[in-house]
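This report concerns only the one structure given below.
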Amino acid sequence: MRPDRTPVIVGVGLSDYPKAPHLTSHGHHAQALQRVLADSGVRLADVDGYMSVGIGGMQVDDIATMSEYFRIKHRWAEGSQIGGAAYQGFVDHAKTVIEAGICDTVLMTYGSDLRSNKRRSLGQQRTDQFVEAPRCYENPYGPTILGNYALAAQRHMHEFGTTLEQLAEIAVSTRLHAANNPFALNREPLTIADVVNAPRVADPLGKWDSCVVTDGGAAIIMTTLERARDLNQKPIYVLGSATAQSHWSINQMPDYTTTAAAICGPAAFAQAGVTPAEIDTAQLYDSFTITVMLLLEGLGFCKRGEGGAFVEDGKLRPGGSLPTNTDGGGLSSCHPGMRGVFTLIEAVLQLRGQADSRQVPDAKLAVACGSGGILSCISTLILGKEQP
Amino acid sequence: MTFLSDDIAKDIPGRPIPYVDSDNQPFYDGCARGELWMQLCVDTKKFQFYPRPCSIYTGGQVEWVKCSGKGTVHTFSVIRRNYPEPCFVPFTPYVVAIIDTAEGVRMMSNVTGCALEDVKIGMKVEAYFSCVNEAAQIFMPFWRPASATD
Numbered sequence: 001m002r003p004d005r006t007p008v009i010v011g012v013g014l015s016d017y018p019k020a021p022h023l024t025s026h027g028h029h030a031q032a033l034q035r036v037l038a039d040s041g042v043r044l045a046d047v048d049g050y051m052s053v054g055i056g057g058m059q060v061d062d063i064a065t066m067s068e069y070f071r072i073k074h075r076w077a078e079g080s081q082i083g084g085a086a087y088q089g090f091v092d093h094a095k096t097v098i099e100a101g102i103c104d105t106v107l108m109t110y111g112s113d114l115r116s117n118k119r120r121s122l123g124q125q126r127t128d129q130f131v132e133a134p135r136c137y138e139n140p141y142g143p144t145i146l147g148n149y150a151l152a153a154q155r156h157m158h159e160f161g162t163t164l165e166q167l168a169e170i171a172v173s174t175r176l177h178a179a180n181n182p183f184a185l186n187r188e189p190l191t192i193a194d195v196v197n198a199p200r201v202a203d204p205l206g207k208w209d210s211c212v213v214t215d216g217g218a219a220i221i222m223t224t225l226e227r228a229r230d231l232n233q234k235p236i237y238v239l240g241s242a243t244a245q246s247h248w249s250i251n252q253m254p255d256y257t258t259t260a261a262a263i264c265g266p267a268a269f270a271q272a273g274v275t276p277a278e279i280d281t282a283q284l285y286d287s288f289t290i291t292v293m294l295l296l297e298g299l300g301f302c303k304r305g306e307g308g309a310f311v312e313d314g315k316l317r318p319g320g321s322l323p324t325n326t327d328g329g330g331l332s333s334c335h336p337g338m339r340g341v342f343t344l345i346e347a348v349l350q351l352r353g354q355a356d357s358r359q360v361p362d363a364k365l366a367v368a369c370g371s372g373g374i375l376s377c378i379s380t381l382i383l384g385k386e387q388p
Numbered sequence: 389m390t391f392l393s394d395d396i397a398k399d400i401p402g403r404p405i406p407y408v409d410s411d412n413q414p415f416y417d418g419c420a421r422g423e424l425w426m427q428l429c430v431d432t433k434k435f436q437f438y439p440r441p442c443s444i445y446t447g448g449q450v451e452w453v454k455c456s457g458k459g460t461v462h463t464f465s466v467i468r469r470n471y472p473e474p475c476f477v478p479f480t481p482y483v484v485a486i487i488d489t490a491e492g493v494r495m496m497s498n499v500t501g502c503a504l505e506d507v508k509i510g511m512k513v514e515a516y517f518s519c520v521n522e523a524a525q526i527f528m529p530f531w532r533p534a535s536a537t538d
């Protein structure tokens with residue numbers, strides 16, 4: 001009988017977060033690597049595929065530099081920079097590569113010292129310089145990252161009557177989950193009034209609509225079901241996966257209230273043969289409150305424009321019908337530049353039953369959705385604990 | 389009431405300045421003449437922005453066309469704090485908007501020349517052109533409420 005090449009996730013590792021002044025960005029990669037090897041039982045020498053991308057750029061944390069850093073003798077490597085969707089995209093692609101026999105064991109690592117290293121920041125750098133196309137069509141007008149997301153929020157409120165209180169529920173439910181995670185950056189109680197009464201930063205959004213800035217790193221290992229039988233953890237199955245892009249710069253967004261989740265979400269669900277109603281827990285990229293609302297709509301948890309009504313009954317909270325961002329998310333726990341990989345790891349821990357005090361009872365199906373750019377590139381994974 | 393002054397459209401020390409290249413020179417040359425020029429797909433007769441040397445609809449040819457400079461506010465944000473670009477901080481609060489041009493394409497810009505409270509989605513606006521860097525003589529489009537005669 002031929003070996004079972006069904007691709008599975010066999011290892012996850014998180015480096016120290018949310019504040020880790022003792023680690024460089026590379027140190028986060030390294031610590032996460034050590035932890036994923038210990039978690040999975042995989043030997044580094046067996047890794048023959050590698051995927052990594054960061055916010056440091058060429059010669060710092062690109063795929064070739066990181067391959068050298070860990071001396072990985074890869075037969076296949078990928079470092080597509082699609083921002084916060086990158087690691088969902090990696091799993092989407094690694095699945096095919098493992099199935100096809102191009103390589104057997106794929107490692108993914110991420111690391112960033114964004115909070116502790118004051119030399120770097122996300123977004124436009126301060127500059128007196130000329131900016132090249134296509135940045136020249138935005139940066140000279142003084143946009144901000146939060147302001148770019150606010151363009152979508154403003155339009156959503158205009159078209160559908162979505163309220164600040166409904167958006168605030170996403171910040172509040174996430175904070176309630178963060179209270180169950182001892183590592184989360186912000187764990188103190190937060191109310192809807194706190195969120196809507198906070199000073200506006202970029203109308204209509206304010207301080208608590210925005211993710212935290214932290215340090216952090218993560219690693220994942222995928223291999224074949226055949227190899228997984230000799231490893232430490234119960235394998236997690238990638239039941240469905242799809243990636244789609246609608247734009248990159250916010251000025252090019254075709255529809256300010258629809259993301260590419262509306263394309264890749266239904267595709268991933270169809271591949272998995274499950275519906276959103278069957279999902280036990282959702283891990284959705286939460287750069288800002290509006291991001292979660294648009295992903296919920298795009299993935300099909302509710303109809304377009306109905307995200308406000310969908311969330312306001314508290315179903316995203318601990319004990320709700322769709323516990324979402326159960327580690328405290330980017331809004332309250334950990335957002336070191338690109339959060340996508342962390343949504344993926346939380347989904348795996350929930351499906352393994354290893355999520356400690358934040359465990360969703362009997363979680364069998366999870367969605368992990370990454371959003372990169374400004375609501376631009378979306379990648380969706382449907383993960384399961386049981387073999388399809 | 390907060391009035392949105394056109395000071396943000398002027399030469400601000402530290403402002404990122406568009407780099408004019410062979411793809412976008414007709415656009416910025418038009419701005420310097422006080423005209424909005426955009427590209428039209430030769431095959432589909434649809435406009436596109438930002439400038440590219442090929443059509444986003446077919447991959448085929450484009451031609452430059454002088455446009456109306458009329459538009460409406462599609463969506464906007466009021467920027468009250470700006471961390472990454474200190475040069476804009478003295479101008480807060482200011483409005484960053486996505487403009488629907490009459491030609492059917494969108495662009496980002498600032499809306500000025502009215503009360504902050506009067507900026508609304510669907511508001512009719514018209515383009516004006518301002519020199520954002522005197523030394524390099526770079527002009528960009530900005531938008532203000534459409535004149536009453538329209």
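Chains as they are written, first to last, in the numbering used here: chain P, 1 to 388; chain U, 389 to 538.
Each residue gets a CB set at the ideal place from its N, CA and C atoms; glycine is no exception.
Computed from a predicted structure; not experimentally measured.
By the C-beta density criterion, U/CYS455 is buried, having at least 16 other C-beta atoms within 10 angstroms.
Residue contact with chain U for P/VAL196: absent (no Cβ-Cβ distance below 9 Å to any residue of chain U). Between P/ALA152 and P/LEU294, the gap from beta carbon to beta carbon is short of 9 Å. U/VAL408 sits in coil when the DSSP states are folded into three classes, being neither helix nor strand. Its chain contains THR281, VAL360, ALA363, ALA366 as the residues whose beta carbon lies nearer than 6 Å to that of P/GLN350, once the 5 sequence neighbours on both sides are disregarded; these appear in chain order. If you check each beta-carbon in the stretch 410 to 424 of chain U against every beta-carbon of chain P, the ones closer than 7 Å belong to ASP411, ASN412. Contact with chain P is found for U/TYR407, since one of that chain's Cβ atoms lies less than 9 Å from the residue's Cβ. Between U/SER443 and chain P, the shortest Cβ-Cβ separation is not below 9 Å. Against chain P, the beta carbon of U/MET495 has neighbours under 8 Å at TYR137, ASN251, listed in chain order.
For the options P/HIS177, P/TRP76, P/THR6, P/ILE221, the alpha carbon positioned closest to that of P/LEU14 is the one of P/ILE221.
For P/VAL196, there is no enclosing beta strand (DSSP E); the residue is found in the alpha helix (DSSP H) stretching over 192 to 197. Looking only at U/MET511, U/ALA397, U/VAL430, U/ASN470, the smallest Cα-Cα distance to U/CYS419 is reached by U/ALA397. If only uninterrupted alpha helix (DSSP H) runs of at least 4 residues are considered, those enclosed by the stretch 200 to 233 of chain P are 225 to 228.
In the three-state reduction of the DSSP assignment, U/GLY448 falls in the coil class, being assigned neither a helical nor a strand state.
Within chain P, the C-beta atoms nearer than 8 Å to that of U/TYR482 come from GLY142, in chain order.
Counting C-beta pairs with one atom in each stretch, the stretch 369 to 387 of chain P and the stretch 301 to 310 of chain P have fewer than three that are closer than 8 Å, which means they do not touch. Restricted to the stretch 49 to 108 of chain P, the alpha helix (DSSP H) segments that are unbroken, complete and at least 4 residues in length are 63 to 69, 86 to 100, listed in chain order. Within its own chain, the residues whose Cβ lies closer than 7 Å to the Cβ of P/THR65, once the five positions on either side in sequence are excluded, are GLN59, listed in chain order. The beta carbon of P/ALA261 sits closer than 6 Å to those of LEU295, GLY298, LEU299, ILE378, all from its chain and outside the five residues before and after it, given in chain order. Interface with chain U (9 Å Cβ-Cβ cutoff): P/ASN148 is included. For a cut-off of 8 Å, the C-beta gap from U/GLY448 to U/VAL430 is around 6 Å, short enough to register as a contact. A contact between stretches requires three or more CB pairs, one per stretch, nearer than 8 Å, and the stretch 41 to 55 of chain P fails this requirement with the stretch 254 to 268 of chain P.
Every alpha helix (DSSP H) stretch that sits fully inside the stretch 303 to 334 of chain P and reaches 4 residues is listed by chain position as 307 to 311.
Take P/HIS29, set aside five residues on each side of it, and the residues of its chain with a beta-carbon closer than 6 Å to its own are THR109, GLY111, GLY217, in chain order.
In this structure, the CA atom of P/GLU188 is about 13 Å from the CA atom of P/LEU331. The beta carbon of P/GLY353 sits closer than 7 Å to the beta carbons of GLN359 from its chain, once the five residues preceding and following it are set aside; these are given in chain order.
Excluding five sequence positions before and after U/PHE435, the CB atoms of its chain that fall closer than 8 Å to its own CB belong to MET426, GLN427, LEU428, CYS429, VAL453, CYS455, THR489, GLU491, GLY492, VAL493, given in chain order.
The alpha carbon of U/SER393 has as its nearest neighbour, out of U/GLY510, U/PRO439, U/VAL450, U/PRO478, the alpha carbon of U/PRO478. By the Cβ test, the stretch 140 to 149 of chain P is in contact with the stretch 462 to 471 of chain U, since at least three Cβ pairs between them sit closer than 8 Å. Of all residues in the stretch 155 to 168 of chain P, the ones placed with a Cβ closer than 8 Å to any Cβ belonging to chain U are ARG155, HIS158, in chain order.
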